[in-house]
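Student:
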Amino acid sequence: GAGVSQSPRYKVAKRGQDVALRCDPISGHVSLFWYQQALGQGPEFLTYFQNEAQLDKSGLPSDRFFAERPEGSVSTLKIQRTQQEDSAVYLCASSLAVLNTDTQYFGPGTRLTVL
Amino acid sequence: DQQVKQNSPSLSVQEGRISILNCDYTNSMFDYFLWYKKYPAEGPTFLISISSIKDKNEDGRFTVFLNKSAKHLSLHIVPSQPGDSAVYFCAASDGQGAQKLVFGQGTRLTINP
Numbered sequence: 046g047a048g049v050s051q052s053p054r055y056k057v058a059k060r061g062q063d064v065a066l067r068c069d070p071i072s073g074h075v076s077l078f079w080y081q082q083a084l085g086q087g088p089e090f091l092t093y094f095q096n097e098a099q100l101d102k103s104g105l106p107s108d109r110f111f112a113e114r115p116e117g118s119v120s121t122l123k124i125q126r127t128q129q130e131d132s133a134v135y136l137c138a139s140s141l142a143v144l145n146t147d148t149q150y151f152g153p154g155t156r157l158t159v160l
Numbered sequence: 030d031q032q033v034k035q036n037s038p039s040l041s042v043q044e045g046r047i048s049i050l051n052c053d054y055t056n057s058m059f060d061y062f063l064w065y066k067k068y069p070a071e072g073p074t075f076l077i078s079i080s081s082i083k084d085k086n087e088d089g090r091f092t093v094f095l096n097k098s099a100k101h102l103s104l105h106i107v108p109s110q111p112g113d114s115a116v117y118f119c120a121a122s123d124g125q126g127a128q129k130l131v132f133g134q135g136t137r138l139t140i141n142p
């Protein structure tokens with residue numbers, strides 16, 4: 046079956062531009078996560094949705110970062126007024142239910158480069 | 030603070046031998062641990078997991094060991110194959126309503142023919 050998909054795969058933005066990154070989770074998956082992976086580091090948690098409810102946004106680095114999942118399926122991560130330090134791979138993951146033992150399946154990521 | 034640490038950035042192993050990847054954690058609330066494998070330009074792929082109530086979990090060539098008193102886990106791959114060459118991430122979660130994963134920095138494993 047189809048896995049988690051993300052678009053675009055690559056995005057180049059000029060400093061100060063707004064960007065929107067899309068995630069299509071596995072159909073029927075209740076939980077959706079966004080992670081940020083800097084070069085040479087492991088993924089770091091940004092935010093978590095259970096259906097359409099954003100239950101944890103403790104990892105969002107600033108108020109320039111905003112995420113939504115209005116219908117409980119597709120999610121968008123928006124970054125306003127991008128800065129060079131926002132350059133990273135943004136990973137989306139989904140899991141079937143709400144237990145921490147439910148496997149998170151990751152998409153291929155969007156590589157964001159801010160010039 | 031880095032709650033999950035993988036102190037070896039890279040590891041090189043000969044094909045057919047055992048690969049051992051290590052991971053240490055500091056948060057005693059972690060109760061579920063996972064290993065993910067990542068190829069270039071792809072997302073991490075789940076490999077194997079272990080609950081804190083166990084000390085070993087095996088799946089084919091892959092075995093994960095958990096030492097709670099030492100806050101240490103390891104992944105053993107036997108025998109190692111060229112297709113195992115990838116970056117391996119250790120991850121943990123605390124299960125107290127928090128599904129989020131905390132990852133280590135990763136170890137790049139290279140299997141030499």
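Line by line, the protein sequences give chains A and B.
Start counting at 1 in the first sequence, then tack on 45, and there's your number in the working numbering.
Start counting at 1 in the second sequence, then tack on 29, and there's your number in the working numbering.
Glycine included, each C-beta is placed from N, C-alpha and C at the ideal position.
Since the model is a prediction, treat every value here as computed from it, not as a measurement.
What does A/Leu136 touch in chain B if you count any residue whose Cβ is under 8 Å from its own?
Tutor: Along the first sequence, read from residue 1 onward, the residue named residue 136 of chain A stands at position 91. Close to A/Leu136, with beta-carbon spacing below 8 Å, are these residues of chain B in chain order: Gly72 and Pro73.
Student: For the region 85 to 104 of chain A, which residues have a beta carbon sitting closer than 8 Å to at least one beta carbon of chain B?
Tutor: Result list: Gly85, Gln86, Gly87, Pro88, Glu89, Phe90, Tyr93, Asp101 and Gly104.
Student: Consult DSSP for A/Gln129 and reduce its assignment to one of helix, strand or coil.
Tutor: Working through the first sequence from its first residue, we reach residue 129 of chain A at position 84. Helix, per DSSP.
Student: Report whether the distance from the Cβ of B/Ser98 to the nearest heavy atom of the ligand GTP is below 6 Å.
Tutor: Absence of the ligand GTP from the depicted structure is noted, as is the absence of any ligand whatsoever, leaving it without description.
Student: Name the one or two DSSP bridge partners that A/Lys56 has.
Tutor: Within the first sequence, the letter at position 11 stands for residue 56 of chain A. In DSSP, A/Lys56 forms a bridge with A/Leu157.
Student: A/Pro70: buried (16+ other C-beta within 10 angstroms of its C-beta) or exposed?
Tutor: Start at 1 with the first residue of the first sequence, and residue 70 of chain A comes out as number 25. That one is buried.
Student: Enumerate, from N- to C-terminal direction, the unbroken beta strand (DSSP E) stretches of 3 or more residues contained entirely within the region 108 to 152 of chain A.
Tutor: 110 to 113, 120 to 124 and 133 to 140
Student: Comparing the C-beta of A/Thr121 with each C-beta of chain B, is any distance below 7 Å?
Tutor: Indexing the first sequence from 1 puts residue 121 of chain A at position 76. Output row for A/Thr121: interface = no.
Student: Do A/Ile124 and A/Val49 have their C-beta atoms closer together than 7 Å?
Tutor: Here residue 124 of chain A is taken as the residue at index 79 of the first sequence, counted from 1. Here residue 49 of chain A is taken as the residue at index 4 of the first sequence, counted from 1. A/Val49 is positioned such that its CB atom lies no closer than 7 Å to that of A/Ile124.
Student: Step through the CB atoms of chain A and report whether any lies within less than 7 Å of the CB of B/Gly45.
Tutor: In the second sequence, counting from the first residue as 1, residue 45 of chain B sits at position 16. The beta-carbon of B/Gly45 is placed no less than 7 Å from the nearest beta-carbon of chain A.
Student: So A/Leu77 and A/Arg114 are supposed to be a Cβ contact under 8 Å. How far apart are they, rounded?
Tutor: Taking the first residue of the first sequence as 1, we reach residue 77 of chain A at position 32. Taking the first residue of the first sequence as 1, we reach residue 114 of chain A at position 69. Right, their Cβ atoms sit about 6 Å apart.
Student: Whose C-beta lies closer than 6 Å to the C-beta of B/Asn56 among residues of the same chain, with five residues either side of it excluded?
Tutor: Here residue 56 of chain B corresponds to residue number 27 of the second sequence, with the count starting at 1. Excluding residues up to 5 positions away in sequence, Gln32 lie with their Cβ nearer than 6 Å to the Cβ of B/Asn56 in the same chain.
Student: For chain A, find out if any of its Cβ atoms is closer than 7 Å to the Cβ of B/Gly133; answer yes or no.
Tutor: Locating residue 133 of chain B in the second sequence gives position 104, counting from the first residue. So yes, B/Gly133 belongs to the interface.
Student: To the nearest angstrom, report how far apart B/Tyr65 and B/Ile77 are at their CA atoms.
Tutor: The residue labelled residue 65 of chain B in the question sits at position 36 within the second sequence. The residue labelled residue 77 of chain B in the question sits at position 48 within the second sequence. Rounded to whole angstroms, B/Tyr65 to B/Ile77 spans 7 Å at the Cα level.
Student: Is B/Asn141 buried or exposed, if buried means 16 or more other CB atoms sit within 10 Å of its CB?
Tutor: Mapped onto the second sequence, residue 141 of chain B falls at position 112. B/Asn141 is exposed by the Cβ-count criterion.
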